[in-house]
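A short worksheet on the structure shown next.
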């Protein structure tokens with residue numbers, strides 16, 4: 001998060017940047033960063049679009065995750081602290097969560113667990129599921145157009 005906050009602080013020096021209207025968008029690991037940005041730096045990031053985010057590292061590809069976090073049974077605290085769930089209650093901005101329902105890389109359960117946690121905490125958010133879409137949402141021209149226009153509209157309406 002330090003890099004995202006530092007980047008936002010750097011951008012604030014420019015006259016064309018409105019520091020009260022900063023948003024963030026990302027896919028996959030970038031989607032995870034969007035969530036952590038909204039949850040851990042809500043005073044900076046007001047709107048986020050998170051697509052196919054990893055929310056719980058125990059659900060992600062072991063070859064990738066274990067390279068950085070080690071084995072889950074040997075680093076429980078690392079996995080727990082890297083999850084978005086300890087931070088969910090701090091959501092203050094606008095969140096659009098997007099996920100392909102046939103995602104075989106970041107499985108859909110990552111988003112369904114987050115949906116459940118947001119709802120249990122009565123936190124408002126927006127959500128779009130893409131039936132039949134894998135990790136590469138927008139595998140056909142019309143779905144891609146839908147996905148990209150959804151992101152643009154969300155920022156237009158909320159920033």
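Residue numbers (the UniProt record's numbering): 1 to 159.
Backbone N, C-alpha and C define an ideal beta-carbon position, used for all residues, glycine too.
Since the model is a prediction, treat every value here as computed from it, not as a measurement.
| Check | Outcome |
| --- | --- |
| Cβ neighbours of residue 36 in the same chain (closer than 6 Å, five flanking residues each side left out) | 1 |
| Buried/exposed call for residue 32, threshold 16 Cβ in 10 Å | buried |
| For residue 108, the nearest candidate out of 129, 14, 6 (CA to CA) | 129 |
| Any C-beta of chain C under 8 Å from that of residue 81 | Any reference to chain C falls outside this structure, which holds one protein chain only. |
| Three-state secondary structure assigned by DSSP to residue 142 | helix |
| Close-in-space but distant-in-sequence residues of the same chain around residue 79 (CB under 7 Å, 5 per side omitted) | 57, 58, 69, 72 |
| Residues bridged to residue 92 [DSSP beta-bridge criterion] | None; residue 92 has no bridge partner. |
| Cβ-Cβ distance between residue 49 and residue 154 below 8 Å | yes |
| Endpoints, the alpha helix (DSSP H) within which residue 5 is located | 2-11 |
| CB of residue 137 within 8 Å of CB of residue 52, strictly | yes |
| Minimum C-alpha distance to residue 105 - residue among 133, 125, 83 | 133 |
| Residue 113 - DSSP class collapsed to helix/strand/coil | helix |
| Alpha-carbon spacing of residue 24 relative to residue 47, whole angstroms | 6 Å |
| Outcome for residue 54 when other beta-carbon atoms lying within 10 angstroms are tallied against a minimum of 16 | buried |
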